[in-house]
Amino acid sequence: MAAPADAITSATPERLPRQTLQSPPVATPALQPSDLLSSPEDEASAFAFTPTHLHQLIESRNAASLHAFGGIAGLARGLRTDLKAGLSADEDILEGKVTLSSILSHDPNTDSSAQGFGHDGTTSITHPPAQQPLPRQRSTPASKPGAYTTRRTTFHTNATPRKPPKSFLRLLWLAYNDKLMFLLTISATISLTLGIYQSVSPPSPAQSDTAEEEEPGSNIEYIEGLAILLAIIVIVLATACNDFAKNAKFARLNARKAERTATVTRSGRHVTVSAADVAVGDVLHVEAGDVVPADGVLVEGFGVRCDESALTGEGGLVDKVCASVAAERQRGCCFILGGTKVETGVGSYLVLQVGANSSYGRIMMALQDEVEETPLQQRLGLIAKRIIQFGLVAGIVAFTVLLIRFLVDMDRIEGGAEAKGMAFLDVLILSITVVVIAVPEGLPLTVTLALAFATTRMLKDNNLVRILRSCETMGNATTICSDKTGTLTQNEMSVVAGTLGTSEEFADGSFTSTRRKTDDRSALPSAGNFIRSLPKAFRDLLEASFALNSTAIETSNPGEFIGSNTETALLKFGLIHLGMGPVSEERSNAEIVQMIPFDAKKKWMAVVVKLPTGRYRMLAKGASEVILENCSEVVRRDEQEELDIATETLTPEKMSQLDNAMQEYANRSLRVVAIAYKDFDDHPESPELSGLVFIGAFGIRDPLRPGVIEAVRSCQKAGVFVRMVTGDNFFTATAIAEECGIYTAGGVAMDGPTFRKLTPPQLDLVAPRLQVLARSTPDDKVRLVRHLKGLNEIVAVTGDGTNDALALKAADIGFSMGLSGTEVAKEASSIVLMDDNFASIAKSIGWGRAVNEAAKKFLQFQFTINISAGLLTVISAFVGGPDDSAFSVVQLLWINLIMDTFAALALATDFPTPGLMLKKPEPRTAPVLNTTMWKMIFGQAIYQIAVIFTLHYAGAQIFGYSSAEQLDQLQTMTFNIYVWMQFFNQTNSRRIDNNLNIFEGVHRNPWFMLVQAVTLAGQVVIVFVGGAAFHTTRLTGAQWGWSMLFGGLTIPIGVLLRLVPDEPLRAFALRVKRMIPAAWLRRRRIDAEPVAEKPSLARRLTRPAKKLFGSRSTVEGPAVNESHASQAGTVLPDVETYDLTGSIEAAKHGLEGPAGIEVHPDTRKDDPILFDACDGNLTPPSQNPESLRWMQVTKTE
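Each residue of the sequence shown is one higher than the one before, starting from 29 at the first, in my numbering.
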């Protein structure tokens, strides 16, 4: 079955355009056998080659170096593998040894058993026999079959050692490593030292009289310093524990991100294994879209071209030739490098280096994953920086005022130098504590914790987050460009109808149209009866078209395949109805001379085989309209021709008949695939898709996923505009889009050829209404994404193919398919859908919004404490001195622990609630703190300040307290009330909008319950046993009642504040802002580009349609400026080449217009459709109220 080498695409780089060739650099001259013999040989190794030898071969990248290893066959023998059957599936501990000298002395011309090619230098795709596994390797009783212990011990595993995580001690140091913490620790240590000295030193004569009047045991001045140090330890421990838990979650996430699979041949069977289980000596299958997991040499393949820019930094694709051809011709690259991307072709290669020894592994050793800072963290970092600056100013002012007061009163301080030193330390510690209270340590922790919890839980919802910022960005997505196959549908395809020739049809089961009812098909024969009635020549032709013209491969389980779901559906149809044997045998029995892999732009693939008669036949398969328009003949049944195929001319009438049949399949939501063939007398150098003989078309059903209709509706209710962008047939796409609720009244459907005719201003007008883009190419998807981003949309895109990588990169959030997606698409994406399900996208929106809400909840809670605690402490200290502060230093540190570490844990771990999916997305420039939040912050802060100041200064008169014990109880009750206010306000802060249900979803968050329980228990313990350390005393039942009452009033105060309308407050804030000098508010705008003035082009575009149809369209100008053409990166036709408005109006009124564009039939006749949806500002068109008024994007309940 050997074929001439000239027939192999991968072996003939000279035929390709010169500018596309990219020769890999040659690192060293060709290796010689003496180079290998000069290297020290490992006597204990079971293999002829050491990792050093293989490294030298890969580094040389010179095909001539293969001769030093005995050729590709010598490599296989030295690594104890088989190029056809691969490694033994039972291998573990290998016995014996293959010596280097035996490999070098062996004549490669006398042994071809290990080769997948003939001695004439030719090569072809061969497939291992399915039923001939290798004999088992001998193993010891302690061995484990399939563990490859000897092989992994010698050559290591295909895993890159990761950077060790930060230890708990390191996290403790990072939590403590802060200048304020150092200063507070030093001050507390000095206070503790002086306190101990005062406690153990004998009192002076001047202090003796006052000491006799004090209660026994009251001389414990060191307690406050000790309490401060203990509080610092608790804060540092709590922060480190949170960081440790967060890092553990991210470590698991990174490990999951690194998971990939590969298809290897073991014991003659194709097996899918984890990329980490690939071993040196494996024969690994690669095809377009794969990211190569390890280094090796190409054994066989067609059209393999790799993108090595990630390793070499050089652009262009590198053509790969098989090792046998490269070694014979002394040119061409046969080396496959790990980490590179296979852009085209299919083949298999012998693995030579894995893990840290591979090219990619050595680079990754120096580039370990770090958790990147997200945009929200950056914005909150700026807020935190300003808060810290404000806190430092407040602390400096407080220290200055209190220091002046201390100096003025210093002569009246009794107790000598120690007492004066303690008084000064009180001033210093209180000032530092004011700054500590102001510093939002929990602000970055909240976002990080929220991201850690969200990404972990998203993984359970089948969303693997690869790029952390995408998690929060997804919460504000305004539009989703979704693929159809596998995302909206189940990707479980089966052939349910078909047409052979022009009149032979079959149908299985009942499939009905969702939009256009057609005639009953129940009279058609079933597939089984239909196929059995065909002549043998027809059955053989169908069998060859399915088995040979396919890149799908069999697994070890009969009837299961790895590859495109469309191809596997046709293969399963052939197995069931055509009696097709194992695919590997079918391909081995045929002489394949050339393969033309599927191209997403051309939408067809082909294979050239040599017939027994000596002629050549090209079998083509692809999109029905592409195949049909290139056919000139069609097969026909001829009962007299049992062993030959009869054909007839494909007349326009017959072509129209076939086109109608395929359109009917598409209208019934079926994917339509056509097959054809063309015969040649000689081997075609560059076969073209023309003059084909049409064989038939097949309707493939892919049912909608359960729950996808609800998921689409959920996204639409959340303000997210859902579009379908698919390469499928126009009628198939619109039928399925309408079935799942994407294509609705007011929407526009368009095909790729029409889309490519639009100019940027026309696209400005139609993009806000575009719901379906069918027969699109990857370039169309990129253009649409970039244009939507130019309209200020936050765009999410799904993709599964290699050619989708650009669109996935261009989008704000790229979703790749975990099951059907290529490795290239996964590498380019932000999030991997592990189940390929659109419903998982809807869940990611909820999680993204939960992350954003977590940060805002924490800000609302913390700013309330910042304002109230800061003002209460500073003002009371100013009025009465440090000793008369509303709260002691230790009490403030307890409050700081509540407002930072505890609150971060409580408010960052909420699950998404149904209410989140009813809100609209926030624009990119939306402030972190909105009017509703400021209203709650100031309202609660005013209430807390009013209550605490009243109790602090007038509480004794109100409650009639006069004794020292009662005054101590009053101070404790004041502190207790303030903590209870924070306890209830933490619950109140679970909502940042005006909704009154603050308990929504609280039962699903055990962390919130735990934090509340710890806060409650801690406060009770502090009040009852805190004593001198916390400056507290036990309270009576009535005092506990007052504490609960004033604390609980926080909830009704929150209700009243939510009932206050936001608009008057927003108007008042704007009036205040106008009174502030503009220079104070001036800042650089970095998040938005200036909006250009609207041109008047839209009036010119819509004027002809208005005259013709009398439309009430009120177009004032195109939505955006013409810079979108450059953003799309596409050379577009002149503005007058396509009459968009005329086509839209014709489609809306049911008139005959150009093909490739459609307006939903339920659209109102007075709907203008094309108008300025950008509204002249930064509002995305999908959020424009005027546009949404015309579109029924949500179904009534």
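All C-beta atoms, glycine included, are put in the ideal place defined by N, C-alpha and C. Just so we're clear, the structure is a prediction, and the values are computed from it rather than from any experiment.
Alpha-carbon to alpha-carbon, L103 and D139: Any reading at D139 must be qualified, since the residue scores a pLDDT of 43, below 50, and its modelled position is unreliable; the value itself is stated next. The straight-line gap from Cα to Cα measures roughly 13 Å.
If you reduce the DSSP assignment to three classes, tell me which class V844 lands in. For the sequence presented, residue 844 should be read as Ser rather than Val. When DSSP states are grouped into helix, strand and coil, S844 belongs to the strand group.
Count the other CB atoms, across all protein chains shown, that sit within 10 Å of the CB of M486; report buried if there are 16 or more and exposed otherwise. Per the 10 Å Cβ criterion, buried.
Take every Cβ of the stretch 716 to 732, pair it with every Cβ of the stretch 787 to 796, and state whether three or more of those distances are shorter than 8 Å. They do not touch, by the three-pair rule.
S573 versus D305: straight-line alpha-carbon distance, rounded: So the two alpha carbons sit approximately 35 Å from each other.
Measure how close the beta-carbons of V455 and F481 come, nearest whole angstrom, since I'm counting them as under 8 Å. About 42 Å; that fails the 8 Å criterion.
Cα-Cα separation between H711 and E287, rounded to whole angstroms: Distance between the alpha carbons of H711 and E287 is about 43 Å.
Selection from A839, D840, A838 and A856 that minimises the alpha carbon distance to G846: The shortest Cα separation from G846 among A839, D840, A838 and A856 belongs to A856.
Assuming the contact rule is C-beta atoms closer than 8 Å, G704 and N757 should be a hit. Round their C-beta distance to whole Å, please. According to the sequence shown, residue 704 is Ala rather than Gly. With a Cβ gap of about 17 Å, A704 and N757 do not count as contacting.
According to DSSP, is K706 part of a helix, a strand, or is it coil? The answer is strand: DSSP assigns K706 an E or B state.
Spatial distance of K194 from R280 (CA atoms): Taking the CA atoms as reference points, K194 sits about 14 Å from R280.
Integer-rounded CB distance, given that C350 should sit under 8 Å from G329: With a contact defined as Cβ atoms closer than 8 Å, G329 and C350 qualify at about 6 Å.
What are the boundary residues of the beta strand (DSSP E) that includes M521? From DSSP, M521 is part of no beta strand (DSSP E); its letter is neither H nor E.
Boundaries of the beta strand (DSSP E) in which K649 is found, first to last residue: Counting along the chain, the beta strand (DSSP E) containing K649 begins and ends at Y644 to A651.
For H1059, the first and last residue of its enclosing alpha helix (DSSP H): Premise fails: H1059 is in no alpha helix (DSSP H) and is neither H nor E.
Under 8 Å by Cβ, that's how I've got Y644 and V636 pegged, so tell me the actual separation to the nearest angstrom. Y644 to V636, Cβ: 6 Å. Contact.
Would you decide whether D672 is buried or exposed? Buried here means 16 or more other CB atoms lie within 10 Å of its CB. When all chains shown are included, D672 counts as exposed.
With which residues is L378 paired in a DSSP beta bridge? Partner(s): V311 and V325.
Residue(s) in a DSSP beta bridge with D335: According to DSSP, D335 bridges with L345 and K369.
In terms of residues, what are the limits of the alpha helix (DSSP H) holding G1184? Looking at the DSSP string, G1184 is not in any alpha helix (DSSP H), and its letter there is neither H nor E.
For P1182, collect the residues of the same chain with a Cβ closer than 6 Å to its Cβ; drop the 5 residues on either side in sequence, then sort them by chain order. Same-chain partners within the cutoff: S1171.
Taking 8 Å as the cut-off, decide whether the C-beta atoms of Q28 and A91 are in contact. There is no way to answer for residue 28, as the model of the chain reaches only from 29 to 1225.
Helix, strand or coil for L862? Go by DSSP, reduced to three states. It should be noted that the sequence gives Met, not Leu, for residue 862. Reduced to three states, the DSSP call for M862 is coil.
Given that a residue counts as buried once 16 or more other Cβ atoms are within 10 Å of its Cβ, and exposed if not, what is G389? G389 counts as buried, since no fewer than 16 other beta carbons sit within 10 angstroms of its beta carbon.
Scan the stretch 411 to 481 and note each continuous beta strand (DSSP E) run of 3 residues or more that stays entirely inside, going in chain order. Fully enclosed beta strand (DSSP E) runs of 3 or longer: not present.
Go to D1090, then tell me how far its alpha helix (DSSP H) extends in each direction, as first and last residue. Start and end: D1090 to M1103.
Taking Cβ positions, are E500 and V879 nearer each other than 8 Å? In this structure, E500 places its C-beta atom within 8 Å of the C-beta atom of V879.
Spell out a yes or no on whether the stretch 295 to 302 and the stretch 367 to 386 are touching, meaning 3 or more CB-CB pairs, one atom from each, closer than 8 Å. Because the criterion of three Cβ pairs below 8 Å is not met, the stretch 295 to 302 and the stretch 367 to 386 do not touch.
Quick one: residues in its chain with C-beta nearer than 6 Å to the C-beta of G650, no 5 flanking neighbours on either side, listed in chain order? In chain order, K631 and W632 place their CB closer than 6 Å to the CB of G650, counting only its own chain and leaving out the 5 sequence neighbours on each side.
Where L836 falls: helix, strand or coil (DSSP): Judged by DSSP in its simplified three-state form, L836 adopts helix.
Best match in E1186, E950, A931 and L944 for proximity to V475 [C-alpha to C-alpha]: Checking every option, the nearest Cα to that of V475 belongs to A931.
Mapping the DSSP letters down to three states, classify A936 as helix, strand or coil. A936: coil per DSSP, three-state reduction.
Provide the residue span of the beta strand (DSSP E) that contains M1219, from first to last. Looking at the DSSP string, M1219 is not in any beta strand (DSSP E), and its letter there is neither H nor E.
By the three-class DSSP mapping on this structure, what secondary structure does E855 have? DSSP places E855 in the helix class (H, G or I) of the three-state scheme.
Cβ contact (3+ pairs, closer than 8 Å) linking the stretch 680 to 689 and the stretch 601 to 619: Flag = no, the stretch 680 to 689 and the stretch 601 to 619 do not touch.
W1035 beta carbon less than 8 Å from that of T937: Contact flag set, yes.
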